[in-house]
Amino acid sequence: PFTYADFEESDVIVLVGSNLCIAHPIMWQRVLRNRNTPKIIVVDPRKTETASAATHHYAILPKSDLSFFYSVAYVLVREAWLDRDFIREHTSGFDDFSQHIEKYAPSDVSQITGIPVKRIEEFARMIHEGKRVSFWWTMGVNQSHEGTRTAQAIINLALMTGNIGKPGTG
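Heads up: take any position in the sequence shown, counting from 1, add 53, and you land on the working numbering.
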């Protein structure tokens with residue numbers, strides 16, 4: 054499981070549907086203590102206080118988060134921005150997943166999410182370039198009609214890039 058220390062050790066922090074500033078101020082204080090000057094990415098249709106404080110805000114259209122994360126995965130696979138050793142040693146079914154996301158090209162998903170292709174690619178690049186990327190989401194993801202799949206899609210991004218089980222990654 055994640056620890057609060059991960060907030061202070063990440064160089065990229067991805068917050069999905071979370072208004073951490075207001076709903077979890079203790080956690081937000083840990084983000085502010087991070088000496089790595091992290092990129093703080095908020096994926097949320099709402100312009101929350103956290104989205105305003107973030108370095109990047111992806112204001113996706115409501116109910117498009119699953120498509121958005123599949124599209125980010127598509128870019129990671131297309132560009133070979135993967136941790137192949139981690140995938141081989143710690144996952145199963147990656148080839149099937151890669152085939153599944155082939156229908157989520159950014160050019161198609163852009164219309165569904167309201168996010169331009171370049172910004173979807175930018176998001177994938179930030180994950181790729183991060184050394185310690187952590188992904189955080191709140192009840193909005195869990196309680197949606199596709200909550201389990203959306204959570205799995207976010208976890209898949211961590212697994213694909215080896216951003217799990219190390220300090221700063223959760």
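Where is the CB? At the ideal position from N, CA and C, for every residue including glycine.
Classify Lys92 as helix, strand or coil using the three-state DSSP reduction.
strand
Nearest-angstrom Cα distance between Val96 and Ser117?
11 Å
Just to confirm, is the Cβ distance from Ile173 to Val128 under 8 Å?
yes
In chain order, what residues of the same chain lie with their CB nearer than 6 Å to the CB of Asp136, ignoring the 5 residues before and after it?
Thr214, Gly215
Going by C-alpha distance, which of Asp161, Val130, Arg131, Phe188 is nearest Ala204?
Phe188
Ignore the nearest five residues each way along the sequence and tell me which others in Ile140's own chain have a CB closer than 6 Å to its CB.
Phe147
Limits of the beta strand (DSSP E) - the one that Ile66 falls within
65-69
Hey, would you say Asn209 sits closer than 8 Å to Phe150, going by beta carbons?
yes
I'd like to know whether the C-beta atoms of Leu119 and Arg202 end up nearer to each other than 8 Å.
yes
Locate the alpha helix (DSSP H) running through Trp81, then write down its first and last residues.
78-85
Is the CB-CB distance between Phe176 and Tyr123 below 8 Å?
no
Run through the DSSP bridge pairs and tell me what Tyr111 is partnered with.
Val96
Check for me: the alpha helix (DSSP H) holding Phe176 runs from which residue to which?
170-182
Along the chain, where does the beta strand (DSSP E) containing Phe55 start, and where does it finish?
Element bounds for Phe55: n/a, residue is neither H nor E.
Endpoints, the alpha helix (DSSP H) within which Ser151 is located
147-153
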